[in-house]
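Chemist: Protein chains in written order, with my numbering: chain X, -1 to 112; chain U, 4 to 120.
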């Protein structure tokens, strides 16, 4: 099945700095890579996603890059703010489910220090 | 904005008791998922429905867990009997297309926290 590895597990940055979270995946046929933000006590919320036909996608302060050859994708958050503090998960479609369901990484706890 | 509704939000139950969780996906969404999230880990798929049919339940502990989506709309996940190791957040999610995760957005509910004592 799909194996999604995520690093780092925790990340602390100063307000205004950039944060980068990296994920690798194992299934070369995966074609869709979402990132979710999960605040304490809430369900995961999609913040950005990328499909395999593009290498980068931006949405205001958030960007995702994809390297299909190396089978890794990254989340970039610029000008971080305290409200960015949360747990972030990357995911990829699981081939075991016909790529209908997502396999998630283990999560990165981001703390933005004011 | 439409949301995935789940209830109850919190449940405390004694081991060996039965517990049930309910989910109402976003209207018109054909695919429904139940995930389990243990504290400090990522969500893990338990079962996936396409309309009223189960398309994947390979990770569902069928000796104690059951799930149904009888009319292809809302769904119920049941645990009987509950064990201490079942303490986790149970997340329901849905996506519009029948192809599920292949390029289609999956939306999550707020989850149901289960504590087994």
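We treat Cβ as the ideally placed atom computed from N, Cα and C, and that holds for glycine. None of these values were measured; they are calculated from a predicted model.
Does residue 22 (chain X) have its Cβ less than 7 Å from a Cβ in chain U?
Modeler: no
Chemist: Identify, in the order they occur along the chain, each residue of the same chain with its Cβ nearer than 6 Å to the Cβ of residue 112 (chain X), setting aside the five sequence neighbours on each side.
Modeler: 13, 80
Chemist: Take every Cβ of the region 83 to 91 of chain U, pair it with every Cβ of the region 4 to 18 of chain X, and state whether three or more of those distances are shorter than 8 Å.
Modeler: They do not touch, by the three-pair rule.
Chemist: Of all the CB atoms in chain X, is at least one closer than 7 Å to the CB of residue 48 (chain U)?
Modeler: yes
Chemist: Starting from the N-terminal side, write out each stretch of the beta strand (DSSP E) that is 3 residues or longer and does not extend beyond the region 53 to 91 of chain U.
Modeler: Qualifying beta strand (DSSP E) stretches, in chain order: 56 to 59, 68 to 71, 78 to 82.
Chemist: Which residues, in chain order, does the region 67 to 95 of chain U contribute to contact with chain X at a C-beta distance below 9 Å?
Modeler: 92, 94, 95
Chemist: Quick check on residue 27 (chain X) - is its C-beta less than 7 Å from some C-beta in chain U?
Modeler: So, not an interface residue.
Chemist: So what's residue 77 (chain X) in DSSP terms, helix, strand or just coil?
Modeler: coil
Chemist: Once the 5 residues before and after residue 21 (chain U) are set aside, which same chain residues still bring their CB inside 8 Å of it?
Modeler: 81, 82, 83, 84, 85
Chemist: Are three or more beta carbon pairs between the region 34 to 42 of chain X and the region 23 to 35 of chain U nearer than 8 Å?
Modeler: In this structure the region 34 to 42 of chain X does not lie against the region 23 to 35 of chain U, because fewer than three pairs of beta carbons, one per stretch, are closer than 8 Å.
Chemist: Which chain X residues are close to residue 118 (chain U), counting only those with a beta carbon under 8 Å from its beta carbon?
Modeler: In chain order: nothing, as chain X lies at least about 13 Å away.
Chemist: Using Cβ-Cβ distances below 7 Å, what residues of the region 95 to 108 of chain X are close to chain U?
Modeler: 95, 97, 98, 99, 100, 102, 103, 104, 105
Chemist: Quick one: which unbroken beta strand (DSSP E) runs of 3-plus residues sit fully inside the region 44 to 93 of chain X? Chain order, please.
Modeler: Those beta strand (DSSP E) runs which fall completely within the region 44 to 93 of chain X and span 3+ residues are 54 to 57, 60 to 65, 70 to 75, 84 to 91.
Chemist: Confirm, please, whether the CB-CB distance from residue 46 (chain U) to residue 53 (chain U) is below 7 Å.
Modeler: No. Outside cutoff.
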